[in-house]
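Scroll down for the structure; my scribbles are underneath it.
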Amino acid sequence: MFGGEHKQTDIAQSAIFTTGSMRASRFYPAILFTFFIMYGDYSFDLSSKIRIISSYIFSPFTQIEYLAKDSFNSFDSYFSSQKKLSEEINMLRNQIRDLENQNLALQYTKTSLNELEELFDLSKSFKERKIFLGKITDFKKFPKELVSVENRTNNITKDMIAFNAFGLIGVIDELLNNSIKIIPLHDASIKIPAKNSRTLENIIIVGTGKPKTFQIEAFKKNGDIKKGDEIISSGLGGRFPEGFFLGRVTEIKENDQSNFLLITVENTFDFSFGSTILFTKP
């Protein structure tokens, strides 16, 4: 029994020694490591360097909030700028549109003024004849060209002829209470006494029904006529005034089965031009 107790005592002492040895083996290196760190910190100022390095390493994480805020502000500023730019662009577009409309209005005013000046100059040739002006309200195109003019007076009669800024362009086809219907000179129903301004030979030109185009009626093959000859109204018959330009000869053809030439006369008058028509008696 005594021997068993002795063994237990030895075992306990051995365990205490072993545990103490293990603690000492861990403790001394820790003390030594701490000593080296303190010495290194004292000698090389390691702690400040570690703090600096740590601040560099972890600075992106600490700056995330500021970066996020700056980014948000940048995006907000960008989209705000884009919105302002878009608004300025729309404002400039509206200004350009307004200027274009004003320019169109000025051009229309200028055209109307030029038109009235032409009509005024034209009216001087009528001497003491009464003239009346009307506003175009409608225009029907080929094949049945027809201009409707607003009628504000009872002084216009059906025997009057119509002029625009180009010159003589038509006759009254129908006279209503509030409007006047005008057909062009080139209507197939129109015959105009005329003459060749070069030879002064009297001729008759007839409308072809095609815009700006006439034919000379019954012109003999031995007659004197050339391309480019100017054809003017002769005033014979009293239906049309004398001396108004009607067109130029553009084509001369022979017909083997006829003694007459096929002669085409064309002008550059635009029957639908302008906004104002002048009426007067021949």
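Under our numbering, think of the first position of the sequence shown as 1, with each following residue one higher.
A virtual CB, placed ideally from N, CA and C, is assigned to each residue, including glycine.
Just so you know, these numbers come straight off a predicted model, no measurement behind them.
Nearest to residue i (by Cα), restricted to the options the options
i, options, result
"Thr280", "Pro143, Gly170 and Ile96", "Gly170"
"Gly238", "Ile205, Pro193 and Asn151", "Pro193"
"Lys140", "Thr153, Ser179, Ile183 and Met160", "Ile183"
"Lys253", "Ile89, Lys221 and Asn154", "Lys221"
"Ile131", "Asp138, Leu146 and Asn155", "Asn155"
"Leu146", "Ile161, Ile172 and Lys135", "Ile172"
"Lys212", "Lys135, Lys191 and Asp187", "Asp187"
"Ser197", "Ser258, Gln257, Glu242 and Lys135", "Glu242"
Beta-carbon proximity check, residue i vs residue j, cutoff 8 Å
i, j, result
"Leu133", "Lys158", "no"
"Phe219", "Phe260", "yes"
"Phe271", "Leu168", "no"
"Ser148", "Lys181", "yes"
"Val249", "Ile277", "no"
"Asn151", "Gly274", "no"
"Asp224", "Glu201", "yes"
"Leu246", "Ile203", "no"
"Leu236", "Gly207", "no"
"Phe166", "Phe244", "no"
"Thr153", "Ser179", "no"
Separation of residue j from residue i, as counted between CA atoms
i, j, result
"Phe195", "Ile263", "Reading off the sequence shown, one finds Lys at residue 195, where the question assumed Phe. Their Cα atoms are separated by approximately 14 Å."
"Ser86", "Gln95", "14 Å"
"Phe210", "Asp229", "The question names Phe, yet the displayed sequence has Lys at residue 210. Roughly 20 Å separates the two Cα atoms."
"Glu266", "Pro282", "22 Å"
"Lys226", "Thr199", "10 Å"
"Ser189", "Asn177", "24 Å"
"Pro143", "Asn90", "45 Å"
"Asp98", "Leu92", "10 Å"
"Asn255", "Ile161", "34 Å"
"Lys191", "Arg129", "23 Å"
"Ser258", "Ile216", "14 Å"
"Lys135", "Glu88", "42 Å"
Secondary structure of residue i, DSSP reduced to three states
i, result
"Leu236", "helix"
"Lys84", "helix"
"Asp187", "coil"
"Asn267", "coil"
"Leu261", "strand"
"Leu200", "coil"
"Met22", "Confidence at Met22 is low in this model, with a pLDDT of 47, below 50, so its placement is unreliable and the value that follows should be read with caution. Helix at Met22."
>> Could you tell me which whole beta strand (DSSP E) segments of length 3 or greater appear in the region 142-183?
In response: 146-150, 161-164 and 167-175
> Taking only runs of the beta strand (DSSP E) that begin and end inside the region 214-258, which ones reach a length of at least 3 residues, in chain order?
Replying inline: 230-233 and 245-254
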